[in-house]
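Numbering (the working numbering), first residue to last: 2 to 185.
In this text, a Cβ means the ideal position worked out from N, Cα and C, and glycines have one as well.
Take a look at the structure below.
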Amino acid sequence: MEYIPQKIDLMPLKKHYLNRARITGQLESDDPLRRIVDAIYKEGLTLVNPAIYFETLDISAVPQTFIPGKFAGAKRITLFASTLGLAVDDRIQDYMSRNMVLDSQLLDAWSSESLEALNDAFDTVLRNENGEGTIRFSPGYGDIAVNINRSFLEFLNVPCINAHSETGILTPVKSTTCMIGWYA
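Put into structure tokens, the structure is as follows:
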């Protein structure tokens, strides 16, 4: 199934965006950096083409290699893959190729926080529908290796995210694979 988020779901808190970009302190309204920070935030919203592909299944229908030990006792599992699309990646690379390092760094920070905001919003939707569950978990942490991403995406039949066959690194870069176990 595909979930199409609202724009609000993609809007990271500005303090998270600034922290990710390693900008500390308050930016005054007349600070030239603030104008750049704000412009990149707005640009990010125009570039994203977000999508989430997901399935909620009985845990027995999911390959054991996908299921972390932390999900012991879960009866069902939601697998999902989320992306902001290729345009953000392309613009970050465009900025780098033109030696616009600050713009590239800011857009990279914004898009990382935007993807996290998207995943948080979808997490809330899922918890409202499914009740008590595990933590949201991604391959590459704990006992599930990141190199399962390719199999994970194939299992979900995700058309717009790819994973390197050996490393599991995703493209578009601003993409994630996640899962949540459900106790009911």
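Residue closest to residue i, alpha-carbon to alpha-carbon, out of the options
i      : options                         : result
Val159 : Arg99, Phe72, Pro64 and Ala52   : Ala52
Pro6   : Asp95, Ser115 and Ala185        : Ser115
Tyr184 : Thr125, Asp39, Asn20 and Gly132 : Gly132
Pro69  : Ser176, Pro140 and Ile162       : Pro140
Ala40  : Val63, Pro64 and Lys15          : Lys15
Glu124 : Ile9, Ile181 and Pro64          : Note on residue identity: the sequence assigns Asp, not Glu, to residue 124. Comparing Cα-Cα distances from Asp124 to each of Ile9, Ile181 and Pro64, the minimum goes to Ile181.
Pro13  : Ala118, Ser30, Asp90 and Asp59  : Ala118
Pro33  : Asp104, Arg99, Asp10 and Asp95  : Asp104
Leu11  : Asp31, Asn50, Ile162 and Ser30  : Asn50
Tyr142 : Thr178, Gln94 and Val174        : Thr178
Val174 : Gln94, Arg128 and Glu130        : Gln94
Beta-carbon proximity of residue i to residue j, cut-off 7 Å
i      : j      : result
Tyr42  : Glu3   : no
Leu48  : Arg92  : yes
Leu87  : Ala22  : no
Arg35  : Leu28  : yes
Gly26  : Trp111 : no
Ala164 : Leu154 : yes
Val63  : Ile78  : yes
With 16 other Cβ atoms within 10 Å as the buried cut-off, status of residue i
i      : result
Ser166 : exposed
Asn120 : buried
Tyr18  : buried
Val38  : buried
Ser61  : exposed
Ser196 : This structure leaves residue 196 out entirely; the chain is present only between 2 and 185.
Thr66  : exposed
Asp109 : buried
Ile9   : exposed
Asp90  : buried
Tyr96  : buried
Ser113 : buried
Touch test, the stretch 80-88 against the stretch 55-67, Cβ-Cβ under 8 Å, three pairs minimum: Here the stretch 80-88 lies against the stretch 55-67, with 3 or more beta-carbon pairs under 8 Å apart.
Tell me, please, whether the stretch 142-150 touches the stretch 166-180 by the rule of three or more beta-carbon pairs shorter than 8 Å. Segments in contact, yes.
Taking three-plus beta-carbon pairs below 8 Å as touching, is the stretch 125-143 in contact with the stretch 68-76? Contact between the stretch 125-143 and the stretch 68-76 is established, with three or more Cβ pairs separated by less than 8 Å.
Unbroken stretches of the beta strand (DSSP E), 3 residues or longer, contained in the stretch 74-106: Fully enclosed beta strand (DSSP E) runs of no fewer than 3 residues occupy 77-84 of the stretch 74-106, in order along the chain.
Restricting to runs no shorter than 4 residues, where is the alpha helix (DSSP H) found entirely within the stretch 10-44? Here the runs fully enclosed are 15-21.
In chain order, each alpha helix (DSSP H) run of at least 4 residues that lies wholly inside the stretch 138-179: Listed in chain order, the complete alpha helix (DSSP H) runs (minimum 4 residues) inside the stretch 138-179 are 150-157.
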